[in-house]
Amino acid sequence: MERSTPTRLLTGSVALALSAVLLVLLPAAAEAAQCNQGSDRLSQADSDWWAVHGCQSSYYLWQYLAYHTDSGWPGSGNGFESACTKRMNYPKFWSASYLVNYGLSDNWDFCFHFSQSDYRPLAEGGSSNFHESNEYFAPENLSGGAFGAWYYDYAPGSDNNIHLGCPLFDKTLSVNANPASRAGDFMHESWHGYEDKWDWDINCNAGHRCKSGACTVNSCDYWHWHTISVYAPGQLYQNKTSGNPSHRPNQVQVEFLCDVNQYPAANVPASVRNAAKSDANTRAAQRFINGPGYKCGDPRPW
Amino acid sequence: MSVRFPGLRVATAAIAALAASAGAPALAQTQDPPPPKAWQKDSPPPVEIFAQRDLHHPPPLKGTRRSVKAFVAWAARSVPSEREDARAAIARAGNSSVSNPVARHLCELAQGALGTDHTLALLQLAILGELKNPTVGLGCLRDILWTPLPTEGTRDVELGDFIEVESLATVQAKAVDGLAYLRSPAGDAEVLKAIESHPSRIVRAEAIDAYLWNHGDSPDAKARLLPLTKGHGEEIFLDRVRKEDGEGAATFDPKLEAFLRAHPELQPTEDQQGGANPPKNDKPDLIPPPPLTGFSFDPTCGATAPACNGSCPEGRRCVANDVAACTCVTQ
Numbered sequence: 001m002e003r004s005t006p007t008r009l010l011t012g013s014v015a016l017a018l019s020a021v022l023l024v025l026l027p028a029a030a031e032a033a034q035c036n037q038g039s040d041r042l043s044q045a046d047s048d049w050w051a052v053h054g055c056q057s058s059y060y061l062w063q064y065l066a067y068h069t070d071s072g073w074p075g076s077g078n079g080f081e082s083a084c085t086k087r088m089n090y091p092k093f094w095s096a097s098y099l100v101n102y103g104l105s106d107n108w109d110f111c112f113h114f115s116q117s118d119y120r121p122l123a124e125g126g127s128s129n130f131h132e133s134n135e136y137f138a139p140e141n142l143s144g145g146a147f148g149a150w151y152y153d154y155a156p157g158s159d160n161n162i163h164l165g166c167p168l169f170d171k172t173l174s175v176n177a178n179p180a181s182r183a184g185d186f187m188h189e190s191w192h193g194y195e196d197k198w199d200w201d202i203n204c205n206a207g208h209r210c211k212s213g214a215c216t217v218n219s220c221d222y223w224h225w226h227t228i229s230v231y232a233p234g235q236l237y238q239n240k241t242s243g244n245p246s247h248r249p250n251q252v253q254v255e256f257l258c259d260v261n262q263y264p265a266a267n268v269p270a271s272v273r274n275a276a277k278s279d280a281n282t283r284a285a286q287r288f289i290n291g292p293g294y295k296c297g298d299p300r301p302w
Numbered sequence: 303m304s305v306r307f308p309g310l311r312v313a314t315a316a317i318a319a320l321a322a323s324a325g326a327p328a329l330a331q332t333q334d335p336p337p338p339k340a341w342q343k344d345s346p347p348p349v350e351i352f353a354q355r356d357l358h359h360p361p362p363l364k365g366t367r368r369s370v371k372a373f374v375a376w377a378a379r380s381v382p383s384e385r386e387d388a389r390a391a392i393a394r395a396g397n398s399s400v401s402n403p404v405a406r407h408l409c410e411l412a413q414g415a416l417g418t419d420h421t422l423a424l425l426q427l428a429i430l431g432e433l434k435n436p437t438v439g440l441g442c443l444r445d446i447l448w449t450p451l452p453t454e455g456t457r458d459v460e461l462g463d464f465i466e467v468e469s470l471a472t473v474q475a476k477a478v479d480g481l482a483y484l485r486s487p488a489g490d491a492e493v494l495k496a497i498e499s500h501p502s503r504i505v506r507a508e509a510i511d512a513y514l515w516n517h518g519d520s521p522d523a524k525a526r527l528l529p530l531t532k533g534h535g536e537e538i539f540l541d542r543v544r545k546e547d548g549e550g551a552a553t554f555d556p557k558l559e560a561f562l563r564a565h566p567e568l569q570p571t572e573d574q575q576g577g578a579n580p581p582k583n584d585k586p587d588l589i590p591p592p593p594l595t596g597f598s599f600d601p602t603c604g605a606t607a608p609a610c611n612g613s614c615p616e617g618r619r620c621v622a623n624d625v626a627a628c629t630c631v632t633q
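Chains A and B, in that order, give the protein sequences.
Note that our numbering numbers the first sequence so that position 199 is 199, with each residue one more than the last.
Counting from 1 along the second sequence, just add 302 to a position and that's the residue number in our numbering.
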């Protein structure tokens, strides 16, 4: 979900006041609505993926910088000081990012895009071809029940903001409380940053188009068809299809999820691959005006 | 590393914005938060964790609840190279006298996981569908498929619906896969009914694909479904491009191109003007990742056996092994 466009279209004091109001209200809401982190909220897929990597301090000490974790994480009760207690939010956050780094096989002739040269720079906080700098906030119950949100930050020199919703962390809230869907949301929200950077913003409903055509939800995108071979590693940010830009947030998310399902690293568990496939197909079926998008994988049950 | 606002970001951000608008220099900004920490010791490197696994030895699926739970736990953590091991173990159970009790236990477990852990329910239904049990399995999958969608819950503004609806429909789509895979008149009847009248697009879309795939994507199958899809205006799903398991550019690309030739109306019509074309040499501000902490997987080498050949850099060749399904080695 992206809310920057309407405020950016305003000018002068109105925009300034509105941005200040947003910045004041959002953290207050977050503090009041922390996600439940009980051990009964850890999904099977999260547990299985954690078993693959375990506690890796060299990784999370890199991750908190690479993902520009907001300074509100420490002391917030989200596990920043307990980075290997897998039921807590910060461990779930870095574990999902570990899937982005090491969960894909980056197979040239088979996957849509590539881990190290595409998905990593898209998801991480640093500025790149994909976006200006983003920072990630500790998860919260977002208004509107959203999975995630990207906000433009008007303060000079500051990162733009990515907020993640509790349904990505608490298995009782959503099927998307798994590492693949959480990482998929990194792609989705970060792509709103891409649209902002290259001025492809749209905003009928939270950074997407209004319901029309084959789309059955409120926030819709166009699907930009492309073959596998047209995108070499590191080219995801380029415009290579009919109609620009070549991707929208939901499509990038679907393609990432499908790559996790179909071309995972050799140690990615079935529960993660299975969840990725279901999320990809759920999105592809209902979120595209000129859809459906590609069907990910065949329908054999196992 | 970019500079970001600290814990007092709320006030400082607003003040900084005001100051900037007045032409004042930027106010104080602070650095990153202190590093995260953990009371636990580090685990062994992931490659060692993986090397310690006893691959290709699924526990037997007996008719007891305990054995079914043990198999589900194994299956959940099974890796890509163990897919056929799981399928073989499930087929053995499905073709034996334990098929019904196994199906019953899987069903009870899946029903229990609905609403509490959907990733687990998806997994249990995948096993149940693969079991191809024509009585208990059929009945269970049918019951889950037609469980009424929630009428209350957490409303999501993007969905325009409750998150709980999407979650249950996603699980029901897995149930419809199992019904279609039965490849029986009774299973097909449920699939056809879902295509025509299930309230969720997620389920109808999966049902269409599952029916077609289990009928060889034949013209007859498409003709059978055409009238059922018209009620929801979903005829296009009959021609939908499927990225098959293990499929690469050699077959996927021509398939997509043929689809677009047949349906030129599906090209996106947005963004014909405005926006910028990103340059090709913008310098990223990224932090190099840490060493792979013991991963020996070569990222240029595919993880699935069919993808191995030809995926290594020049001068190296791909070999399959159990630690990483294929590894690039010097020739």
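From the three backbone atoms N, C-alpha and C, an ideal C-beta is built for every residue, glycine too.
{"query": "Pair every Cβ in the region 69-84 of chain A with every Cβ in the region 142-153 of chain A, then say whether three or more of these pairs are closer than 8 Å.", "result": "no"}
{"query": "Rank B:589, B:513, B:366, B:463 by C-alpha distance to the C-alpha of residue 530 (chain B) and give the top, closest one.", "result": "B:513"}
{"query": "At 8 Å on the CB atoms, spell out the chain B contacts of residue 136 (chain A), in chain order.", "result": "Residues of chain B passing the Cβ test: none, with the nearest at roughly 11 Å."}
{"query": "Between the Cα of residue 255 (chain A) and those of A:268, A:231, A:244, A:49, spot the shortest distance and give me the residue it belongs to.", "result": "A:231"}
{"query": "Is the Cβ of residue 354 (chain B) closer than 8 Å to any Cβ of chain A?", "result": "no"}
{"query": "Determine, using beta carbons only, whether residue 191 (chain A) comes closer than 8 Å to chain B.", "result": "no"}
{"query": "By Cβ distance, which residues of its chain are closer than 7 Å to residue 24 (chain A), with the 5 residues on each side in sequence left out?", "result": "Low confidence applies here, because residue 24 (chain A) scores a pLDDT of 36, under 50, leaving its location unreliable; read the following figure in that light. Contacts found: none."}
{"query": "For residue 451 (chain B) versus residue 218 (chain A), is the C-beta distance shorter than 8 Å?", "result": "no"}
{"query": "Going straight from the alpha carbon of residue 196 (chain A) to that of residue 131 (chain A), what length do you get?", "result": "8 Å"}
{"query": "Buried or exposed for residue 377 (chain B), going by 16 or more other Cβ atoms inside 10 Å?", "result": "buried"}
{"query": "Within its chain, find whatever has a CB closer than 6 Å to the CB of residue 191 (chain A); leave out the 5 residues flanking it on each side and keep chain order.", "result": "249, 252"}
{"query": "Mind reading off the beta-carbon distance from residue 342 (chain B) to residue 55 (chain A)? Whole number of angstroms is fine, and I expect it under 8 Å.", "result": "5 Å"}
{"query": "Let me see if you follow: with CB-CB separation under 8 Å, is residue 373 (chain B) close to chain A or not?", "result": "no"}
{"query": "Does the distance from the CB of residue 234 (chain A) to the CB of residue 118 (chain A) come in under 8 Å?", "result": "yes"}
{"query": "According to DSSP, simplified to helix, strand and coil, what is residue 283 (chain A)?", "result": "helix"}
{"query": "Taking any Cβ of chain B, which residues in the region 41-54 of chain A have a Cβ under 7 Å from it, in chain order?", "result": "43, 44, 45, 48, 51, 52, 53, 54"}
{"query": "Using a Cβ-Cβ cut-off of less than 7 Å, give me the residues of the region 245-259 of chain A that come near chain B, in sequence order.", "result": "245, 258"}
{"query": "Using 10 angstroms around the beta-carbon of residue 359 (chain B), count the other beta-carbons present and answer buried if the total reaches 16, otherwise exposed.", "result": "exposed"}
{"query": "Using DSSP's beta-bridge definition, name the partner residues of residue 164 (chain A).", "result": "A:148"}
{"query": "Return the Cβ separation of residue 414 (chain B) and residue 480 (chain B) in integer angstroms, given the expectation that the two are a contact with Cβ distance under 8 Å.", "result": "Not quite, the Cβ-Cβ distance comes to about 17 Å (not below 8 Å), so this is no contact."}
{"query": "Give the secondary structure of residue 134 (chain A) by DSSP, where H, G and I count as helix, E and B as strand, and everything else as coil.", "result": "strand"}
{"query": "Pop quiz: residue 405 (chain B) and residue 438 (chain B) are said to be a contact at Cβ under 8 Å. What is the actual Cβ separation, rounded to whole angstroms?", "result": "4 Å"}
{"query": "Is the beta carbon of residue 259 (chain A) less than 8 Å from the beta carbon of residue 53 (chain A)?", "result": "no"}
{"query": "Tell me which residues share the same chain as residue 84 (chain A) and place their Cβ nearer than 7 Å to its Cβ, disregarding the 5 neighbours each side in the sequence.", "result": "55, 91"}
{"query": "How would you list, in chain order, the residues of chain B whose beta-carbon sits under 8 Å from the beta-carbon of residue 60 (chain A)?", "result": "338, 340"}
{"query": "How big is the Cα-Cα spacing for residue 289 (chain A) and residue 94 (chain A)?", "result": "33 Å"}
{"query": "Chain B partners of residue 222 (chain A), CB-CB under 7 Å?", "result": "570, 572"}
{"query": "Considering only residues of the region 186-273 of chain A, which uninterrupted alpha helix (DSSP H) runs meet the minimum length of 4 residues and lie entirely inside it, listed in chain order?", "result": "249-262"}
{"query": "So, helix, strand or coil for residue 140 (chain A), using DSSP?", "result": "strand"}
{"query": "Buried or exposed, going by whether 16 or more other CB atoms sit within 10 Å of the CB of residue 521 (chain B)?", "result": "exposed"}
{"query": "Exposed or buried, what is residue 26 (chain A) when buried is set at 16 or more other beta-carbons lying within 10 Å of its beta-carbon?", "result": "Note that residue 26 (chain A) scores 42 on pLDDT, short of 50, meaning its location in the model is unreliable; the coordinates nonetheless yield the value given after this. So residue 26 (chain A) counts as buried."}
{"query": "How is residue 602 (chain B) classed by DSSP in three states: helix, strand or coil?", "result": "Low confidence applies here, because residue 602 (chain B) scores a pLDDT of 43, under 50, leaving its location unreliable; read the following figure in that light. Here residue 602 (chain B) sits in coil by DSSP."}
{"query": "Which partner residues does residue 458 (chain B) have in the DSSP bridge list?", "result": "B:463"}
{"query": "Checking contacts by CB at 8 Å: is residue 550 (chain B) closer than that to chain A?", "result": "yes"}
{"query": "Under 8 Å between the Cβ atoms of residue 363 (chain B) and residue 395 (chain B)?", "result": "yes"}
{"query": "Work out the CA separation of residue 411 (chain B) and residue 201 (chain A) for me, nearest whole Å.", "result": "45 Å"}
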